[in-house]
Every structure is written in structure tokens, then in C-alpha cells.
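Visitor: Throughout the sequence shown, residue numbering follows the working numbering, covering 30 to 340 in sequence.
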Amino acid sequence: MRAVRNTEDGIAVVEVADPDRPGMRVRVRGAGICGSDLAMIVHGPIPVTLGHEVAGELDDGTPVAIDPSEPCGTCDQCRAGRRHLCRTGAERTIGVGVDGGMADELIAPADSIVPLPIALPVTDACLVEPLAVAIHGLRIAGCGGGARVAVVGAGSVGLLAAAAAVATGCEVGLAARHPHQRAAGEALGATPAEGEYDMVVDAAGSDDALVEVARLCAPAATVVELSTHWGTVPVPGIQALMKELRFVWSYTYGTHAGGRDVDTAAMLLARNPEVASTVITHRFPLEDAAEAFRVAADRRAGAIKVVLEPS
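As C-alpha cells, then:
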């Protein structure tokens, strides 16, 4: 079957053996390109198929999304119910440590399967994973109750965080770099970020973004770190000190009293189809993976979420 890998020659579609491991077979209908995919490929060839934002159909035609995490189930974090903080989870994550969903099909553990609401098209459901990232961060930070929330950074996770905060009844401001990102934010119910906010989401992951985050924070505000910082984080110390800012770090997604963050994400996408139509800007067939990655890396060209569709 076909699969997308980062080779010595860059992103390429290669022929690989059909997946053969315990689990449920999924015929892939959509796989999103994540910013972490773009960051990983900079470091050279990767011996696994890419793709952790995945949706498709089971053998019986049931449409599903995939929770790509595969915790060990035995470490102290798994036993405590924090499966997303599994001590060895990264090495088994679909699309990171094991073969992912930028392929014709993949096999996922049964407990990674996310059934889709009828109203959510499977071709949009690759957004379940990144939306669950945003939902998890806002949830553990206590977002809700009509608070003023700002989001700094308007890539896919930033825009999905804005949509999730709007869905909880918050007033949402968005600090975006490019005009198409500002337009997308407005379509999702956000306005340009002005004034001070009770909660500020860092969805950009840069030094400059952290300065803007601190500026937008009201005294005693909460900072939600949704971005991936690949090095030391330079916190604006004086502002953080004098405003007594609280920093909440968020990693992937987990469970809550009502179920899993991934299921909550699927329901939100089903209730508000504007989210997918706004955030997904480009779709490419699998054979055009190299071009899809090029477009995904060029935010100035209007890309937000770029999706590969094997079939």
C-alpha cells in the first residue's frame, strides 16, 4: 500500500507492506498535516509513516476518528488515570513512534477508535485530534462561565482553541499574524484581541508570542500553553510576577467526568460545521503529499489545515 514518509529525498509516497498488528483496520479518508509533523521532518528521515490526525472507515464502513495515543497501561501515570502522560507513550504514538495515518490504511487499538456523530463527515474528522488538544487545555485551565479569553497564534490549534472557547460561552479575542487567519477567526466568532483577558492561550510557541500573551493578561490571569516549545521558554518575568500569572501546561488530551476529550471534540465539530469549513483550507490526494507539505509550511499562502485524502 501507499504511505507518506520522510526519506533522504524529503517527503515521498512509498510502497510499504500492509499493516499487520493487533487492532482494528481503518481505511483512511483524511489525515491532517500538523505543525509537529513539519517540525519533525526538519531533523531528517523518519522510519515510520507520518500522520496522527486521522479519520477513516472500519471494515464494516463505520466512520471513525483515531486517538493516536497508545499508553502502556501499566506505568504509574496510566494507573492513576493519566494515560496521556504515560511514561513511554511517545514511542507508541501513531504517526510518531509507530506507523501513522498518511497511508491507505492503518491499524489502531480498539480503545483508540472514536465513533463519529452522524452529522460529522468523515472527511472533516481528522480535526478531532487537534480540536481535542485545544479542548483539553481549556478544560484543565477552567475555561468557561463567560470569561474573556484571548488566543495568541492563529494556526489550526489557535483557531480551534478560539472555536472551543466560543462554544463554552466565552468572549474570545484573537491575535493573528496573517489576514486570512484573522478572517477565519472572525468566522468562528472571535474578534481582534484588545484590552485585558482573564485567560490567554499561547498557540504560537515563539518568544514574541509570550511577550504578547503577558501583555494581554489581566492581573491574576491564567496562561494556557497549547503550543510546542522545542527549547527553553523565556517567560516575561516582570509581567508574570507583577500580574501573578498562573501558567497551565497542556499535553495532548485525556478523560474527564463526561468522557474523553476526543469525543467532546467530535461532538463540537458535528454541532458546528463552520469549524471544519473554516479551518481546513486545502485538500490533496495522497500522491501529492510533497506539495501538500510545502503548502502547509507556507502560512503566508493562506494555508491553515492541509489534509491528505488517500481515497
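Where a beta carbon is used, it is the ideal one built from N, C-alpha and C, also for glycine.
Where does Gly266 land, buried or exposed, given buried means 16+ other C-beta within 10 angstroms?
Guide: Your numbering for residue 266 matches position 237 in the sequence shown. It counts as exposed.
Visitor: Taking the alpha carbon of Thr36 as the reference point, which residue from Arg328, Leu79, Arg56, Ala60 has its own alpha carbon closest?
Guide: Here the question's residue 36 lines up with position 7 in the sequence shown. Ranking Arg328, Leu79, Arg56, Ala60 by Cα distance to Thr36 puts Leu79 first.
Visitor: Pick helix, strand or coil for Arg56, following the three-state DSSP scheme.
Guide: Position 27 of the sequence shown, counted from the start, is the residue given in the question as residue 56. If DSSP states are grouped into helix, strand and coil, Arg56 belongs with the strands.
Visitor: Look at the alpha carbon of Asp88 and the alpha carbon of Ala216, and state the distance between them as a whole number of angstroms.
Guide: Residue 88 sits at position 59 when you count from the first residue of the sequence shown. Residue 216 sits at position 187 when you count from the first residue of the sequence shown. So the two alpha carbons sit approximately 36 Å from each other.
Visitor: In terms of residue numbering, what span does the alpha helix (DSSP H) encompassing Thr293 cover?
Guide: As a position in the sequence shown, residue 293 is number 264, starting the count at 1. Counting along the chain, the alpha helix (DSSP H) containing Thr293 begins and ends at 290 to 300.
Visitor: Using DSSP with H/G/I as helix, E/B as strand and the rest coil, what is Met30?
Guide: As a position in the sequence shown, residue 30 is number 1, starting the count at 1. In this structure, Met30 counts as coil in the three-state DSSP scheme.
Visitor: Go to Ala196, then tell me how far its alpha helix (DSSP H) extends in each direction, as first and last residue.
Guide: Along the sequence shown, read from residue 1 onward, the residue named residue 196 stands at position 167. Here the alpha helix (DSSP H) through Ala196 covers 185 to 196.
Visitor: Touching or not, the stretch 324 to 337 and the stretch 48 to 61, by the rule of three or more beta carbon pairs under 8 Å?
Guide: The stretch 324 to 337 is in contact with the stretch 48 to 61.
Visitor: State the CB to CB distance for the pair Cys155 and Glu99, rounded to an integer number of angstroms; the pair is presumed to be in contact (CB under 8 Å).
Guide: Counted from its first residue, the sequence shown places residue 155 at position 126. Counted from its first residue, the sequence shown places residue 99 at position 70. Actually they are not in contact, since the Cβ atoms of Cys155 and Glu99 sit about 18 Å apart, beyond 8 Å.
Visitor: I'd like to know whether the C-beta atoms of Val143 and Glu86 end up nearer to each other than 8 Å.
Guide: Residue 143 sits at position 114 when you count from the first residue of the sequence shown. Residue 86 sits at position 57 when you count from the first residue of the sequence shown. Contact: no.
Visitor: Going by C-alpha to C-alpha distance, which of Gly124, Val125, Gly102, Ile123 sits closest to Leu114?
Guide: Here residue 114 refers to the residue found at position 85 of the sequence shown. Considering only alpha carbons, the answer is Gly102.
Visitor: Ile123 and Met53 look like a contact to me (Cβ under 8 Å); what is the Cβ gap, rounded to whole Å?
Guide: Here residue 123 is taken as the residue at index 94 of the sequence shown, counted from 1. Here residue 53 is taken as the residue at index 24 of the sequence shown, counted from 1. Actually they do not touch by this definition, with Cβ atoms about 12 Å apart.
Visitor: DSSP state of Leu337, grouped into three classes?
Guide: Against the sequence shown, residue 337 aligns to sequence position 308. In the structure shown, Leu337 sits in a strand (DSSP, three-state: E or B).
Visitor: Is the distance from the Cβ of Gly130 to the Cβ of Ala319 below 8 Å?
Guide: Taking the sequence shown and counting its residues from 1, the one referred to as residue 130 is at position 101. Taking the sequence shown and counting its residues from 1, the one referred to as residue 319 is at position 290. The answer is no: Cβ separation not under 8 Å.
Visitor: Give me, in chain order, the residues of the same chain whose beta-carbon lies closer than 7 Å to that of Leu255; leave out the 5 immediate sequence neighbours on both sides.
Guide: Here residue 255 refers to the residue found at position 226 of the sequence shown. So the list reads Val162, Ala163, Gly166, Val186, Ala190, Val230, Asp231, Ala232, Ser279, once near-sequence residues are dropped.
Visitor: So Glu241 and Ala183 are supposed to be a Cβ contact under 8 Å. How far apart are they, rounded?
Guide: By one-based count along the sequence shown, residue 241 stands at place 212. By one-based count along the sequence shown, residue 183 stands at place 154. No, Glu241 and Ala183 are not in contact; Cβ-Cβ is about 12 Å, not under 8 Å.
Visitor: Assign Ala332 to one of three DSSP states: helix, strand, or coil.
Guide: Within the sequence shown, the letter at position 303 stands for residue 332. Here Ala332 sits in coil by DSSP.
Visitor: Tell me the DSSP secondary structure of Met69 in three-state form.
Guide: Here residue 69 corresponds to residue number 40 of the sequence shown, with the count starting at 1. Helix, per DSSP.
Visitor: Distance check for Val262 and Pro74, CA to CA, integer angstroms please.
Guide: Here residue 74 corresponds to residue number 45 of the sequence shown, with the count starting at 1. Here residue 262 corresponds to residue number 233 of the sequence shown, with the count starting at 1. Taking the straight line from one Cα to the other gives about 27 Å.
Visitor: So, using beta-carbon positions, are Leu160 and Ala325 closer together than 8 Å?
Guide: Within the sequence shown, residue 160 is the residue found at index 131, counting from 1. Within the sequence shown, residue 325 is the residue found at index 296, counting from 1. No, Cβ-Cβ distance for Leu160 and Ala325 is not below 8 Å.
Visitor: Which residue wins for smallest C-alpha separation from Ala32, given the options Ala321, Glu316, Arg300?
Guide: In the sequence shown, the residue the question calls residue 32 occupies position 3. The shortest C-alpha separation from Ala32 is found at Glu316.
Visitor: Taking Glu86 as part of the alpha helix (DSSP H), name the residues at either end of that continuous run.
Guide: In the sequence shown, residue 86 corresponds to position 57, counting from 1. That residue, Glu86, is in no alpha helix (DSSP H); its beta strand (DSSP E) goes 82 to 87.
Visitor: By how many angstroms is the C-alpha of Thr281 removed from the C-alpha of Asp47?
Guide: Working through the sequence shown from its first residue, we reach residue 47 at position 18. Working through the sequence shown from its first residue, we reach residue 281 at position 252. In a straight line, the C-alpha of Asp47 is about 28 Å away from that of Thr281.
Visitor: When you compare the CB positions of Glu120 and Gly126, do they come within less than 8 Å of one another, or not?
Guide: Mapped onto the sequence shown, residue 120 falls at position 91. Mapped onto the sequence shown, residue 126 falls at position 97. Yes, they are a contact pair.
Visitor: Measuring straight from C-alpha to C-alpha, what distance separates Ala222 and Ser235?
Guide: Numbered from 1 along the sequence shown, position 193 holds the residue referred to as residue 222. Numbered from 1 along the sequence shown, position 206 holds the residue referred to as residue 235. Their backbone Cα atoms lie some 18 Å apart in a straight line.
Visitor: Quick one, are the C-beta atoms of Ala170 and Thr251 less than 8 Å apart?
Guide: On the sequence shown, residue 170 is found 141 positions in, with the first residue counted as 1. On the sequence shown, residue 251 is found 222 positions in, with the first residue counted as 1. Cβ distance < 8 Å, so Ala170 and Thr251 count as in contact.
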